[in-house]
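Taking the UniProt record's numbering, I'd label the letters of the sequence shown as residues 1 to 329.
Built from N, CA and C at the ideal position, the CB exists for glycine as well.
Written below as structure tokens is the structure these notes are about.
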Amino acid sequence: MTDEAVDRPGPTTVGIPSPQASSNAEPKRAPLPEGMSRNAWKREQKKQKWLEQKDARNKYKKEKKKQKKQLQNSKDEGSEKLEVGIVGLGSGELVKRRKNDMLQPAPITILIDCGFDDLMTEKESLSLSSQITRCYSENRRAVVPVNLRVSSFNGSLQERFDSALKQQYKYWKGILFSPIEYEVPESDEERSRIIYLSSDSDETLTELEDNKTYIVGGIVDKGRYKSLCLNKANSQKIKTAKLPISEFINISGRKVLTTNHVVEIMLKWIELRDWKSAFEIVIPPRKQEGFESARLKRKREGDVQTEDLENDGVDEQKDGETSMVAVDD
Ligand code: SAH
């Protein structure tokens, strides 16, 4: 700021206190000191005024500096609070942080068994690839993630991940893909730590336990292969269990869920320790009791073949996102 600017009234001096307002008023035609020209006298007056205002100017500058510092501090505190506050809330910032720093997973493994490649149509295999992608992203976003594994990752499933999905999975974190079948441990004790989930099991899960591996069938079969996974697990002497669906929500018909929904329900249970909430959050309300799909309505009204009747009450599976299994239209 120039001397002139300080001296001149107007916007540039707003906020600068004027200790001697009266001194701003130039004395009218005061007698000039002897031997001094009017211009020299004016210059002298200005200099005096500048000196008089020096303290006030310094005080103002100091105050401004203090305010700026306070503002900066409060900005820093604010951003710190924001970062702490957003943990677990799924905001953009959280995702950014997680990218570099995934949360510590629970000591629980979910393994998606993809050993059914040759039993699926091309469309079903494509649907499974979307479901696996969904499982991965839900686990990344989970408040408490798990160790995610994909076994028998080969055939047309892998082809799709390699081609259409441009090998992105190779950069995914917190998930392991293995081209071969999972290994069944020899010892009973170790085997007892593995549970194959199947809607056809007589056993019902009550909780998910630490240090256990839960296998979910990686298959979209629209109800064609009943008890497929149950039989596989039995032949491998692996325990089986179904989710406690009917204990907590009302769904009519066979309670076969898609692979991604089973994984999402488990993630929600681990977070909330509450099956009812986990089911209600993951299974869309329209899939729960009271919803009648257009197809079921047609069936009730006699427009659909009777071969579908055993699947009454379940809805068709859609690519990637959804949901209740397992009926072909
Ligand atoms: N016909 C297949 C159904 C595949 S559904 C079968 O034999 O299992 C995809 C997978 O989701 C299943 O293999 C099973 O692991 C899991 N799943 C679906 N519904 C389930 C339920 N109600 N309880 C436990 N697991 C379920």
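Item	Value
Residue 403 CB to nearest heavy atom of the ligand SAH below 7 Å	Any answer about residue 403 is impossible in this case: the structure gives the chain only from 1 up to 329.
Neighbourhood of valine 282 by C-beta distance below 7 Å, restricted to the same chain and skipping five residues each side	His261, Glu264, Ile265, Lys268
Same chain only: Cβ atoms within 8 Å of glutamate 138, ignoring 5 sequence neighbours per side	Asn260, Val263, Glu264, Leu267
Beta-carbon proximity check, serine 198 vs threonine 240, cutoff 8 Å	yes
For arginine 254, the first and last residue of its enclosing alpha helix (DSSP H)	Note, arginine 254: premise wrong, no alpha helix (DSSP H); not H, not E.
Beta-carbon separation (whole angstroms), aspartate 117 vs asparagine 154, contact threshold 8 Å	7 Å
Where methionine 36 falls, given that 16 or more other Cβ within 10 Å makes a residue buried	exposed
Best match in Glu203, Thr213, Gln104 for proximity to serine 246 [C-alpha to C-alpha]	Glu203
Residues that aspartate 274 bridges to, as DSSP identifies them	DSSP, once it has assigned bridges, lists no residue as partnering aspartate 274.
Contact test: lysine 239 Cβ vs the ligand SAH heavy atom, cutoff 7 Å	no
Contacting residues, own chain, Cβ-Cβ under 6 Å from phenylalanine 248 (five flanking each side not counted)	Trp275, Lys276, Phe279
Stretch pair the stretch 152-169 + the stretch 222-241: three plus CB contacts closer than 8 Å	no
Reduced DSSP category for glutamine 288 - H, G, I as helix; E, B as strand; rest coil	coil
Beta-carbon spacing of arginine 149, leucine 111 below 8 Å	yes
Which residues DSSP lists as bridging asparagine 58, in chain order	Paired residue(s): none; asparagine 58 is not in a bridge.
Simplified DSSP assignment, three categories, for leucine 208	coil
Serine 246 CB to nearest heavy atom of the ligand SAH below 7 Å	no
Close beta carbons around phenylalanine 177, own chain, < 7 Å, minus the five adjacent residues each side	Val150, Phe153, Tyr169
Endpoints, the alpha helix (DSSP H) within which tyrosine 136 is located	122-141
Leucine 128: CB within 7 Å of a non-hydrogen atom of the ligand SAH	no
Outcome for alanine 40 when other beta-carbon atoms lying within 10 angstroms are tallied against a minimum of 16	exposed
Coarse secondary structure for serine 235, derived from DSSP in three states	helix
Three-way DSSP call (helix, strand, coil) for lysine 65 in this model	helix
Distance CB(glutamate 124)-CB(aspartate 221) smaller than 8 Å	yes
Closer than 7 Å: serine 282 CB and nearest the ligand SAH heavy atom	Per the sequence shown, the amino acid found at residue 282 is valine instead of serine. No - the ligand SAH has no heavy atom lying nearer than 7 Å to the Cβ of valine 282.
Valine 143 vs glutamate 271 beta-carbon contact at 8 Å	yes
Aspartate 118 beta carbon near the ligand SAH (any heavy atom closer than 7 Å)	no
Separation of asparagine 58 from lysine 49, as counted between CA atoms	14 Å
Neighbourhood of lysine 65 by C-beta, 6 Å cutoff - its chain only, sequence neighbours within 5 removed	none
Cβ neighbours of arginine 38 in the same chain (closer than 7 Å, five flanking residues each side left out)	Leu32
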